[in-house]
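Inspection log for the structure reproduced underneath, given as structure tokens.
Protein chains in written order, with this note's numbering: chain A, 1 to 353; chain B, 1 to 263.
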């Protein structure tokens, strides 16, 4: 357990939903808790902050037990060294930006002048030195987000929690704010946990990703590993890969009822095969030559995807393919059309499950 | 395309009659006001005395209600405790109870021979009935539910996540209440306070039963109106009523835009 600032096994039962995830975060590390809506991300964040008590497991921050139902230990939120940036910021509407940031230091026994000096310093660090007197309703979304960040950081929390910190912003502000947030997270000496359903936020801001589905951790690792080797459909969709699970036998993986994919990787036993939609080629007739994986499929859906078209096909396996509009015109694409799908073995990746 | 929406007659007619029914008595009051002798009437010391007493007691009663009612409303809105529904039901009892009955009940509890009153009398030589303090108590008893109910509504409408945010910043529940919750629900508390004050100002039944009707001590405006009327001085009663009406309308108008407008 040494080296971990945060060591937790979060178990929360609520009705039929059960959250059970293990989390360890090192000092200076930013971890993203990524998952679909309803996966339990926010419940995990609330449990860490002390807003929802654990029903099992434990939470240790900086060597102190904050929540341990078995030992009947529970530290209330106001005594935890944990800061939270809430999804819609929750800046106190009756207080100025400066008083919002000074609120935490004031509650920790700091006198008014010192608290205001701290607040001014933090507002300056987030680039809002001249906005201290404004009320939250006079701030733009991006500014409010930065005040909320300053408010949480002004207490030098051992653990900083961010709940969808960019979700409430429009696309352009999000880009700037994300870069700025990244700067602050890098500078933050404590641990940080980012809860998000946006893979881009997670990839840009976090050192490590923890993917949660249905209250459980389904995959964990750095961005490169997860984007290269997704282990669930959700993750595969997030990173835009076709993903299949099956049984490997050398260079082939049987993925569905006798249908096998050929790969250049070697796997044995339970295995995943993944390849990007751009690796899929479509042909009006059965192709000859090099591609080792070919099968016949029915087109079910066409959608614009960037400059290309994303086509979905039913067959022995469901597959997404990206093709250029020119190729689409040539193929006369329409739902129900029979096509031949080809995927080069060299473009697939296989790995054990 | 705009379409003229017609108000159905079965709704329009009762609505208009209802409005007339509410406004007509006020018109009657204004029509019968002796405008020419009004200045002398207003200058009479009894009028000033009753008005001052009414203002004083209803303001004190409102303060009393705020001190006890806001915490009570907070308990009802924020704390899960057994019997909460029962407590809420009990609070609404004075709301539906005829005020005279409330006055009798207050006498039995706080009167010289009452449950708590006898103990107060024996140990402190202190007796509430038939004193100005008794007026304040009677008015507070009747007005408290108005405050509790409207403040509880405001608290329930306020976003409790602000209190959670305050907690993560190190605020205890008490500090959260004073520094975050109270400022957030201040408009609701003000609205409740106004309702409470207006109810206390108009209080009659509980006051006359519990505190009696002594000019200068317990005779508030409504009691003065009643007594003047009883003594055959209709004009005097009209003048007093007009003052009460003017005070109420002024308060309502002053606060309406800030706190009392419903969206």
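Every residue gets a Cβ at the ideal spot worked out from N, C-alpha and C, and that includes glycine.
For residue i versus residue j, is the C-beta spacing smaller than 8 Å?
i                     : j                     : result
residue 18 (chain A)  : residue 213 (chain A) : no
residue 265 (chain B) : residue 29 (chain B)  : Chain B is shown from 1 up to 263; residue 265 (chain B) falls before or after that span and cannot be answered.
residue 259 (chain A) : residue 323 (chain A) : no
residue 210 (chain A) : residue 54 (chain A)  : no
residue 297 (chain A) : residue 273 (chain A) : no
residue 150 (chain B) : residue 195 (chain B) : yes
residue 147 (chain B) : residue 66 (chain B)  : yes
residue 185 (chain B) : residue 224 (chain B) : no
residue 162 (chain A) : residue 81 (chain A)  : no
residue 147 (chain A) : residue 97 (chain A)  : yes
residue 21 (chain A)  : residue 4 (chain A)   : no
residue 57 (chain B)  : residue 135 (chain B) : yes
residue 130 (chain B) : residue 214 (chain B) : yes
residue 275 (chain B) : residue 235 (chain B) : Residue 275 (chain B) lies beyond the residue range present for chain B, which begins at 1 and ends at 263; the question has no answer from this structure.
residue 247 (chain A) : residue 269 (chain A) : yes
residue 68 (chain B)  : residue 106 (chain B) : no
residue 127 (chain B) : residue 113 (chain B) : no
residue 138 (chain A) : residue 177 (chain A) : no
residue 108 (chain B) : residue 137 (chain B) : no
residue 348 (chain A) : residue 263 (chain A) : yes
residue 154 (chain A) : residue 101 (chain A) : yes
residue 200 (chain B) : residue 78 (chain A)  : no
residue 197 (chain B) : residue 92 (chain B)  : no
residue 299 (chain A) : residue 261 (chain A) : no
Helix or strand or just coil, what does DSSP make of residue i?
i                     : result
residue 18 (chain A)  : strand
residue 209 (chain B) : helix
residue 201 (chain B) : helix
residue 140 (chain B) : helix
residue 95 (chain A)  : coil
residue 270 (chain A) : strand
residue 281 (chain A) : strand
residue 341 (chain A) : strand
residue 317 (chain A) : coil
residue 252 (chain B) : helix
residue 293 (chain A) : strand
residue 19 (chain B)  : helix
residue 247 (chain B) : helix
residue 160 (chain B) : coil
residue 121 (chain B) : helix
residue 240 (chain B) : helix
residue 250 (chain A) : strand
residue 4 (chain A)   : coil
residue 225 (chain A) : helix
residue 43 (chain A)  : helix
residue 233 (chain B) : coil
residue 156 (chain A) : coil
residue 264 (chain A) : strand
Which one or two residues does DSSP pair with residue i in a beta bridge?
i                     : result
residue 220 (chain A) : A:210
residue 259 (chain A) : A:256
residue 11 (chain A)  : A:20 and A:56
residue 244 (chain A) : A:273
residue 351 (chain A) : A:272
residue 302 (chain A) : A:311
residue 32 (chain A)  : A:194 and A:209
residue 102 (chain B) : DSSP output for residue 102 (chain B) lists no bridge partner at all.
residue 161 (chain A) : A:84 and A:193
residue 68 (chain A)  : A:73
residue 61 (chain A)  : A:6 and A:64
residue 323 (chain A) : A:309
**Q.** Contact set between the region 64-93 of chain A and chain B, restricted to residues whose Cβ is under 9 Å from the partner
**A.** 76, 77, 78, 79, 80, 82, 83, 84, 86, 88, 89, 90, 91, 92 and 93
Q. At a Cβ cut of 7 Å, what residues of the region 102-114 of chain A count as close to chain B, listed as they run along the chain?
A. 103, 104, 107 and 108
Q.
Using a Cβ-Cβ cutoff of 7 Å, what residues of the region 130-156 of chain B are near chain A? List them in chain order.
A. none
Q: Tell me the start and end of each unbroken alpha helix (DSSP H) in the region 35-79 of chain B that is at least 4 residues and wholly inside, in chain order.
A: 38-43 and 45-78
Q: Report the residues of the region 17-51 of chain A with a CB closer than 9 Å to any CB of chain B, ordered along the chain.
A: 46, 49, 50 and 51
Q | alpha helix (DSSP H) runs wholly inside the region 71-141 of chain A, at least 4 long, in chain order | A | 97-107 and 112-125
**Q.** Near-chain A residues of the region 160-192 of chain B - C-beta to any C-beta below 9 Å
**A.** 161, 162, 164, 165, 166, 167, 168, 169, 170, 171, 172, 173, 175, 176, 179, 180, 183, 184 and 186
Q: Closer than 8 Å, Cβ to Cβ, to anything on chain B: give me those residues from the region 126-139 of chain A, in chain order.
A: none
**Q.** Unbroken stretches of the beta strand (DSSP E), 3 residues or longer, contained in the region 178-211 of chain A
**A.** 191-196
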